[in-house]
Amino acid sequence: METMDKQQISNLSHIHQAYRDNRLVIFVGAGVSRNSGVPTWDELIAAMKSELPADLSNENDALKIAQLYKDARGYKEYMDKVKDILLFNKATPNPLHKRILSLNPCHIITTNYDDLIEQEIQNEYTQYTIIREDKDIPQMAYPNSLIKMHGDYLTNNIVLTETDYYNYKNNFPLVRAFVQSLFASKLVLFVGFSFADLNLKIILEELKGILSDNMQRAYMLSCDEPNYVVRNYFENKGVNVVYFGENEIDSINGSEYSKVALNGKGLLMDKILFAIKNYNIISKNDIASYVYNRIKPYYKEMRSLGDGLRYFFSKYSDIKFYAHSSGIDTYSQYFKKLKEVTKDNQGKRQFLNNHPDIDLKTLLQLAYYNCLNEIDGIEILDDKFMNNKSNYIPLTTVDYLREFDFSAVKERIFRLRSTTAQYNIDDLEFPFALYLLGDYAGALRHYAKLLPMYWNRQKYILYFICRYNMWSIRFNAQWQKDWEIITDVERELQLALDTDLDEILNKLPLDWEIKKIFQDLISYRSIGSHLVKTEELREKIFEQRKLTEKGGCSVNSNILLLLSTYQREHLFCASNFIICNNSSYYKSLCYNAASGILNSFSTPASSIFGGLLVSTRVESLDKFMLEILIFDISNEKLNSALKGYDIETLIFDDSGVDYINSCLHGLNESKQSLYKSNEMFYPPLCNLLLLISKSQTEKIDKDLLYRILLKYWIFEFHIGYRVIDNLIIRYKPSKEDANELISKMLYETHSTLNYTRSIGRLVSYISDYNAEFTDIRMDFFKMHKAIMNLIVIYRVSPDVKKPMLQTFCLDNIEDFGHYIRFVFLNHIVPSSDDKIREFYNKYKNGINKDDSYILAQIRKDASFTSLHSFIDEIAISNECLKFFLSPEEYKDFDNVSIDWLFKLDKKGKEEIFKNEIYKTKLKDYINTHWLSKSDMEYLISLL
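Numbered by my numbering, the letters in the sequence shown go through residues 3 to 945 in order.
This is the structure in structure tokens:
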């Protein structure tokens, strides 16, 4: 390219830039139709001349010949002749028509009468207003137009004769003015004209005042090399001739061009048009600058290219594309050398100085959204960027929702709702937010509203994303329409249901790289490959865990690769506001990421070579991991994974703790969740509380935690009483919160008896605070069989109420177990054993080990002498009670169940398991039962 005419390269660059800026107008001449077999102007005139008198054989005035023929034969025969010679309704478009439309010209002008361009417009599913006469201009339905400035067969107003040309100003005043305005405001490229073309000469004469030195120059694509005289002639008329020889244009296009069904001048014309679209002033040898300038134009419509980034590197046969946890490796010499040059800050500054076309902020944004922390070891996103990320990457509704900051969500949605269309990716945040909040019908309506706006502005990337999102939520919207009886979404819903994404994509005039990205999206090719990759990585992490449990050690990047694969998919969807998270592929990928995190966390620490190599594992959960666990996996699956990987305690790093507290703060500050349905809100809330219940860090804001638990108590059934119990165990509430929690557990729950253990813990805390529980609603206890919970709260009830409560409990207890617990825990000493004997005689289920254990404790308490004789009596025939009364002296070892041994206190267990027979029972239990890691370790310690 270096030996080519610099003027021609400059011409090519200017036309390419006009194409990029949507300022390109293509003026189509007869040479384009010639490749469909349509005769030229000269051939038409020659055919007419052959039927005129012989004395006109030397006449060379084409317009006069057409005029004479029309006058001699009459209008009908004249039109029939034109249609016959120019193959009216017999010709079809050729590859040049397709190539012209691929340039997305904002307008097309033609002097051809045929309908070949119209046919191709229909074939390519593009929208142009067809202007055949002046009255069509006020009726323009689309901003793009095909201007048939010399008329059309359909309107019978073709311009061909001498009179037609003389009267053109009067017959086509609006068309003429419109065409002149395009030459003044756009860049016009003549295609299919020869240097001797009469139409071209007439047009240039008309435009001589417009194509002056002070105005926009026009360009003419030529397949004949112009000599100096010809070039100078056209330049003086304001037209630059664009010409490349075969070898030159092949050098420019390289291997990217695929030959079409053309030959000769038609093929050369096609190659030059291809070069106009694909030309880049940046040398392909400068890979960084070339790729940057290739993807930058899409940034306002598509922030993340996902896996499609590889398509922009495909032009380099010597480049590999391997995505890893920190970016990509290309293994190219170019980046190898660049790494040396940019190894320090001075080198990086020099690189930017040498590349003024690269804007640093845009480069960093592109790198972030495309997960390019580095390329071939060249660091792009350093710690400085990550610490100041908010200066480059704006927060969106997605970010606020993933911190439960509904106040910020509400404010942002209000701002988005009142913002006019910007015709960039930011427009899609509002309907995407509606979707995330469960307003599927609202999202569908807004996408449908944007469609014609994007179509008319030729924002085809945004147009397709809207169509895809409508298709993606069609069944959600239909369900909402039927359930909520919504009637104003019928048209939009039908459009979504009838959508054929493949057909739409094939017809949209998009660059092939973008088309490939969207093809990967609708075919699930990209996410499918990611899913397979995460499945393999999850399995490798599991195998690593098994290896380390056997004493082995594994150093690898599996967990980093797993998380980076998830991040690429997440960023592609979230940053482009593409709805993918409702597909089974995406949900499975998220599960693999969450499963991998927990599996790696549960992997035991191990090392080899004296600690020189330490096994790879997640030691603590950071913000990024917690987001996945809270928002991208169902509560059921999170619970299952925690149990499956035997995780009793989680560790959060500082970013994780800050994130948890930020979530709690958002939940506390928000007055409402904004979700259309609670089914969308409580799963992440439940996940958040579940994860906190597994943590023991003191940095969690306990006050906020219990404010949230009380505020959203309506979801206690979904949160689960076991999770709530764990929270109470790990984070001691204040006396006020403890009191309110007991009230909730007693009076505002699906099953108050599920909370007996939790109430007991809270009672202990209240007792520690020397406080009382005063919210005792006797009507509730009279109506519900919750006497056990009343027994539990008795000891922290106000002294003034205790006599009444004691009487109520003793009068209403109907269960032997409840009775012995009430009198023992509250130290209520009966005057006789009549009551306990009465309950015992009614107790048909027999005394279980728990009852036996309490009876043994009562027997050992000297203050309960009134019950001792009763206990001694039933101990004669009850081996379990006999054991608990004196474990060390009990000699009938075979009768002892392992469950009896586990009831003993810590000191009792340590003593009893010194017995070899009991040790054997414990070993058998360990070998035949599933145990959590902590339980396993404790029981083994007893051996």
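Every residue, glycine too, gets a C-beta built ideally from N, C-alpha and C.
Exercise for the section: Could you check if Asn-37 is buried or exposed, using at least 16 other CB atoms within 10 Å of its CB as the buried criterion? Expected result: Numbered from 1 along the sequence shown, position 35 holds the residue referred to as residue 37. It counts as buried.
Handout entry: Helix, strand or coil at Leu-307 according to DSSP, with G and I counted as helix
Key = Position 305 of the sequence shown holds residue 307. Residue state for Leu-307 is assigned as coil, using DSSP reduced to three classes.
Handout entry: Test item: CB-CB of Asn-242 and Tyr-221 under 8 Å
Key = For the purposes of this step, residue 242 is taken as residue 240 along the sequence shown, with counting starting at 1. For the purposes of this step, residue 221 is taken as residue 219 along the sequence shown, with counting starting at 1. Yes; because the gap between Cβ atoms is below 8 Å, this pair is in contact.
Exercise for the section: Note down the Cα distance separating Tyr-336 from Leu-644, rounded to an integer number of angstroms. Expected result: Your numbering for residue 336 matches position 334 in the sequence shown. Your numbering for residue 644 matches position 642 in the sequence shown. Straight-line Cα distance between these residues: approximately 47 Å.
Practice task
Would you check if the distance between the CB atom of Gln-496 and the CB atom of Phe-246 is smaller than 8 Å?
Solution key: As a first step, residue 496 must be located in the sequence shown, where it is residue number 494. As a first step, residue 246 must be located in the sequence shown, where it is residue number 244. Contact: no.
Handout entry: Backbone CA spacing between Tyr-855 and Lys-701 [nearest angstrom]
Key = Working through the sequence shown from its first residue, we reach residue 855 at position 853. Working through the sequence shown from its first residue, we reach residue 701 at position 699. The straight-line gap from Cα to Cα measures roughly 39 Å.
Handout entry: DSSP state of Met-3 mapped onto helix, strand, coil
Key = The count along the sequence shown starts at 1 and reaches residue 3 at position 1. At Met-3, the pLDDT of 45 sits below 50, so the modelled position is not reliable and the matter cannot be decided from this model.
Problem - As assigned by DSSP and simplified to three states, the class of Phe-406 - result: As a working note, residue 406 is residue 404 in the sequence shown. DSSP, reduced to helix, strand and coil, places Phe-406 outside both helices and strands of the structure shown, so it counts as coil.
Handout entry: Neighbourhood of Phe-683 by C-beta, 7 Å cutoff - its chain only, sequence neighbours within 5 removed
Key = On the sequence shown, position 681 is the one that residue 683 refers to. These residues qualify, in order along the chain: Ser-675 and Tyr-677.
Problem - As assigned by DSSP and simplified to three states, the class of Phe-826 - result: Your numbering for residue 826 matches position 824 in the sequence shown. Phe-826 carries a helical assignment under DSSP once its states are collapsed to helix, strand and coil.
Handout entry: Whether Asn-560 touches Lys-542 by CB criterion (8 Å)
Key = Numbered from its first residue, the sequence shown carries residue 560 at position 558. Numbered from its first residue, the sequence shown carries residue 542 at position 540. The beta carbons of Asn-560 and Lys-542 sit closer together than 8 Å.
Handout entry: Same chain only: Cβ atoms within 7 Å of Thr-550, ignoring 5 sequence neighbours per side
Key = Here residue 550 is taken as the residue at index 548 of the sequence shown, counted from 1. Around Thr-550: Ser-556, Thr-605, Pro-606, Ser-608 and Ser-617.
Exercise for the section: Examine the Cβ distances between the segment 855–866 and the segment 823–837 and report whether three or more of them are shorter than 8 Å. Expected result: With the rule of 3 Cβ pairs closer than 8 Å, the segment 855–866 counts as touching the segment 823–837.
Exercise for the section: Identify every residue that forms a DSSP beta bridge with His-2. Expected result: The chain is shown only over 3 to 945; residue 2 falls outside these bounds and no answer can be derived.
Handout entry: With 16 other Cβ atoms within 10 Å as the buried cut-off, status of Met-780
Key = As a working mapping, residue 780 is identified with position 778 in the sequence shown. Exposed, by the Cβ-count rule.
Handout entry: Best match in Tyr-155, Glu-135, Asp-82 and Ile-793 for proximity to Leu-118 [C-alpha to C-alpha]
Key = For the purposes of this step, residue 118 is taken as the residue at position 116 of the sequence shown. Looking at the Cα atoms, Tyr-155 is the closest of the given residues.
Handout entry: Nearest residue (CA-CA) to Ala-20, options Phe-185, Tyr-757, Thr-157 and Asn-173
Key = As a first step, residue 20 is located in the sequence shown; it is residue number 18 there, counting from the start. The candidate whose alpha carbon is nearest that of Ala-20 is Phe-185.
Handout entry: Inside the segment 195–232 only - beta strand (DSSP E) runs reaching at least 3 residues
Key = Inside the segment 195–232, DSSP marks whole beta strand (DSSP E) runs of 3 or more residues at positions 220–223, from first to last along the chain.
Handout entry: Exposed unless 16 or more other CB atoms sit within 10 angstroms - verdict on Ala-143
Key = Sequence index remark: in the sequence shown, residue 143 carries index 141 (1-based). Ala-143 should be labelled exposed.
Practice task
May I ask you to list the residues that DSSP assigns as paired with Tyr-324?
Solution key: One-based indexing of the sequence shown puts residue 324 at position 322. Per DSSP, Asp-331.
Problem - Spatial distance of Asn-917 from Phe-885 (CA atoms) - result: By 1-based counting over the sequence shown, the position of residue 917 is 915. By 1-based counting over the sequence shown, the position of residue 885 is 883. Distance between the alpha carbons of Asn-917 and Phe-885: 14 Å.
Handout entry: Straight-line Cα distance separating Lys-713 from Val-411
Key = Walking along the sequence shown from the start, residue 411 turns up at place 409. Walking along the sequence shown from the start, residue 713 turns up at place 711. Rounded to whole angstroms, the gap between the alpha carbons of Val-411 and Lys-713 is 19 Å.
Exercise for the section: Rounded to whole angstroms, what's the CA-CA distance from Leu-98 to Gln-352? Just pull it up for me. Expected result: Indexing the sequence shown from 1 puts residue 98 at position 96. Indexing the sequence shown from 1 puts residue 352 at position 350. About 44 Å.
Handout entry: DSSP state of Ser-291 mapped onto helix, strand, coil
Key = In the sequence shown, the residue the question calls residue 291 occupies position 289. DSSP, read as helix, strand or coil, puts Ser-291 in helix.
Exercise for the section: Can you give me the Cβ contacts of Cys-468 inside the same chain, cut-off strictly under 6 Å, excluding the 5 residues immediately before and after it? Expected result: Numbered from its first residue, the sequence shown carries residue 468 at position 466. Excluding the 5 residues flanking it on each side, Cys-468 has same chain C-beta neighbours closer than 6 Å at Tyr-449, Leu-452 and Leu-453, in chain order.
Problem - Status (buried if at least 16 other CB within 10 Å, exposed otherwise) for Thr-332 - result: If you number the sequence shown from 1, residue 332 lands on position 330. By the Cβ-count criterion, Thr-332 is buried, with 16 or more other Cβ atoms from all chains shown falling within 10 Å of its own Cβ.
Exercise for the section: Given a cut-off of 8 Å, decide if Ile-427 and Asn-578 are closer than it, judged by their beta-carbon atoms. Expected result: Looking up residue 578 in the sequence shown gives position 576. Looking up residue 427 in the sequence shown gives position 425. Going by beta carbons, Asn-578 and Ile-427 fall inside the 8 Å limit.
Exercise for the section: From the DSSP output, in three-state form, read off Thr-131 for me. Expected result: Against the sequence shown, residue 131 aligns to sequence position 129. Note: Thr-131 maps to strand in three-state DSSP.
Problem - Thr-344 classed as buried or exposed, judged by whether at least 16 other C-beta atoms fall within 10 angstroms - result: Position 342 of the sequence shown holds residue 344. The residue is buried, with at least 16 neighbouring Cβ atoms inside 10 Å.
Problem - Contact the segment 689–700 vs the segment 622–637: 3+ CB pairs below 8 Å - result: Contact check between the segment 689–700 and the segment 622–637: three or more CB pairs, one atom from each, fall below 8 Å, which counts as touching.
Handout entry: Range of the contiguous beta strand (DSSP E) that encloses Val-534
Key = Start at 1 with the first residue of the sequence shown, and residue 534 comes out as number 532. Careful: Val-534 lies outside any beta strand (DSSP E), inside the alpha helix (DSSP H) at 527–551.
Problem - Short CB-CB distance (under 8 Å) between Lys-639 and chain D - result: In the structure shown, chain D does not exist; there is a single protein chain.
Exercise for the section: To the nearest angstrom, report how far apart Ile-838 and Lys-844 are at their CA atoms. Expected result: The sequence position of residue 838 within the sequence shown is 836, counting from 1. The sequence position of residue 844 within the sequence shown is 842, counting from 1. Approximately 10 Å between the Cα atoms of the pair.
Practice task
Over the uninterrupted beta strand (DSSP E) stretch that includes Leu-191, give me the two end residues.
Solution key: Counting from 1 along the sequence shown, the entry for residue 191 is found at position 189. Per DSSP, Leu-191 belongs to the beta strand (DSSP E) from 189–193.
Problem - Test item: CB-CB of Leu-105 and Lys-286 under 8 Å - result: Start at 1 with the first residue of the sequence shown, and residue 105 comes out as number 103. Start at 1 with the first residue of the sequence shown, and residue 286 comes out as number 284. No, the Cβ-Cβ distance between Leu-105 and Lys-286 is not below 8 Å.
Practice task
Could you name the residues of the same chain whose beta carbon sits closer than 8 Å to that of Ile-506, not counting the 5 residues immediately before and after it, in chain order?
Solution key: As a position in the sequence shown, residue 506 is number 504, starting the count at 1. So the qualifying residues of the chain are Tyr-127, Phe-466 and Arg-469.
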